[in-house]
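Participant: Counting in my numbering, the sequence shown runs from 1464 upward without gaps.
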Amino acid sequence: MRHFVSAILVLMLSLAPALGYDAAGQAVIDRLKAGKLVTATELAGLMMGAERWCYNQRDDECGWSDIYLSADAEGAEYEMSHAWNEKVDIALVDRGEFREDRYFCETDNDWVRSIRAYSRDDGVALEGRELASMRKAIAELLPAEKGGACFDYLYRGHDEAAQTITLLQRQFRDGVHAPEQDAEVTLHFDAETAENLGWYW
């Protein structure tokens, strides 16, 4: 009987979801010490390995968040989500490009047409003229020249229990660091935790 129970436990453990970071995440943890630069090659792996990137996290809410949809040697496509105001959350799809095996840079991609919007109260989608009006208002706020900002990332550490990696995102314009734009990024590798993150206003 004891052998039978042991065999069942082994089978259950083998069928349970594997805990731990994916190969790309573990490689970054193994290689880097706090304050070290993450290469673009490593970024691409982290983008596809993590379930969600949460910026300036407070409890279970993010200032904004990214879900990376694809990444290769050239760049990455991602869905960004955040609160637009106290009543509406928005999501959009944009693309950035890698440069010098260090920077992830904005492009001239027209992401306004991809904007979707949802009521913060009940999650109901805004559609039709209401959505079109919001897209127009956002487009009017954009500078005439798109793109221009680049970002690099410093490794800060990881939390094995929470299944997270923390980076510092630094913004550069024309090669000049803008420290007031720095943001802490928490990469969530646990799907359930990532799914339950929201956005604060």
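The beta carbon of each residue, even a glycine, is placed where N, CA and C say it ideally should be.
By DSSP, does Gln1489 sit in helix, in strand, or in coil?
Facilitator: Translated into the one-based positions of the sequence shown, residue 1489 becomes position 26. Looking at Gln1489 - three-state DSSP - the assignment turns out to be helix.
Participant: Mind reading off the beta-carbon distance from Ala1607 to Arg1636? Whole number of angstroms is fine, and I expect it under 8 Å.
Facilitator: Residue numbering aside, residue 1607 sits at position 144 when the sequence shown is read from its first letter. Residue numbering aside, residue 1636 sits at position 173 when the sequence shown is read from its first letter. Not confirmed; about 15 Å, so no contact.
Participant: According to DSSP, is Phe1467 part of a helix, a strand, or is it coil?
Facilitator: Against the sequence shown, residue 1467 aligns to sequence position 4. Because Phe1467 sits at a pLDDT of 36, beneath the cut-off of 50, its placement in the model cannot be relied upon, and the point is left open.
Participant: Counting beta carbon pairs with one atom in the stretch 1511-1521 and one in the stretch 1648-1656, are three or more of them shorter than 8 Å?
Facilitator: Cβ pair count under 8 Å is three or more, so yes.
Participant: For the pair the stretch 1522-1537 and the stretch 1575-1586, tell me if three or more CB-CB distances fall below 8 Å.
Facilitator: Because the criterion of three Cβ pairs below 8 Å is not met, the stretch 1522-1537 and the stretch 1575-1586 do not touch.
Participant: Per the DSSP calculation, Trp1516 is bridged to which residue(s)?
Facilitator: Within the sequence shown, numbered from 1, the residue matching residue 1516 stands at position 53. Answer is Asp1529 and Leu1650.
Participant: What number of angstroms, rounded off, separates the C-alpha of Met1511 from the C-alpha of Thr1629?
Facilitator: For the purposes of this step, residue 1511 is taken as the residue at position 48 of the sequence shown. For the purposes of this step, residue 1629 is taken as the residue at position 166 of the sequence shown. Distance between the alpha carbons of Met1511 and Thr1629: 15 Å.
Participant: Closest to Gln1644 by C-alpha separation, out of Gln1634, Asn1659 and Phe1652, would be which residue?
Facilitator: Residue mapping note: residue 1644 aligns to position 181 of the sequence shown, counting from 1. When only C-alpha atoms are compared, the closest one is Gln1634.
Participant: Am I right that Tyr1616 and Leu1506 are in contact with their C-beta atoms under 8 Å? What's the rounded C-beta distance?
Facilitator: In the sequence shown, residue 1616 corresponds to position 153, counting from 1. In the sequence shown, residue 1506 corresponds to position 43, counting from 1. Rounded, the Cβ-Cβ distance is 6 Å, consistent with contact.
Participant: Under the rule that 16 or more other beta-carbon atoms within 10 Å means buried, what is Gly1488, buried or exposed?
Facilitator: As a position in the sequence shown, residue 1488 is number 25, starting the count at 1. Gly1488 is buried by the Cβ-count criterion.
Participant: Just to confirm my understanding: we take His1640, look at its own chain, exclude 5 residues before and 5 after, and list those with CB closer than 7 Å. What are they?
Facilitator: For this step, residue 1640 is matched to residue 177 along the sequence shown. Around His1640: Arg1633.
Participant: In whole angstroms, what is the alpha-carbon distance linking Glu1540 and Ala1602?
Facilitator: As a working mapping, residue 1540 is identified with position 77 in the sequence shown. As a working mapping, residue 1602 is identified with position 139 in the sequence shown. Each residue's alpha carbon lies about 20 Å from the other.
Participant: Name the two residues that bound the continuous alpha helix (DSSP H) containing Arg1583.
Facilitator: What you label residue 1583 is simply residue 120 of the sequence shown in a count that begins at 1. Looking at the DSSP string, Arg1583 is not in any alpha helix (DSSP H), and its letter there is neither H nor E.
Participant: In chain order, which continuous runs of the alpha helix (DSSP H) of length 4 or greater are located wholly inside the stretch 1588-1663?
Facilitator: Here the runs fully enclosed are 1591-1604 and 1654-1658.
Participant: Rank Trp1662, Tyr1566 and Gly1620 by C-alpha distance to the C-alpha of Gly1538 and give the top, closest one.
Facilitator: Your numbering for residue 1538 matches position 75 in the sequence shown. It is Tyr1566 whose Cα lies nearest to the Cα of Gly1538.
Participant: Select from Ala1503, Leu1500, Thr1504 and Gly1559 the residue whose C-alpha is nearest the C-alpha of Met1543.
Facilitator: Counted from its first residue, the sequence shown places residue 1543 at position 80. Selected option, being the one with the closest Cα: Gly1559.
Participant: Quick one: what's got a C-beta closer than 6 Å to Asn1572's C-beta in the same chain, skipping five residues either side?
Facilitator: Here residue 1572 is taken as the residue at index 109 of the sequence shown, counted from 1. Contacts found: Asp1557 and Arg1558.
Participant: In the DSSP assignment, what are the bridge partners of Gly1538?
Facilitator: The residue you call residue 1538 lines up with position 75 of the sequence shown. Answer is Glu1560, bridged to Gly1538.
Participant: Applying the 10 Å Cβ sphere with the 16-neighbour rule, what's the burial state of Leu1605?
Facilitator: Against the sequence shown, residue 1605 aligns to sequence position 142. Flag for Leu1605 reads exposed.
Participant: Sort His1545, Phe1561 and Cys1525 by Cα distance to Thr1656 and report the nearest one.
Facilitator: On the sequence shown, residue 1656 is found 193 positions in, with the first residue counted as 1. That would be Cys1525, whose Cα lies nearest to the Cα of Thr1656.
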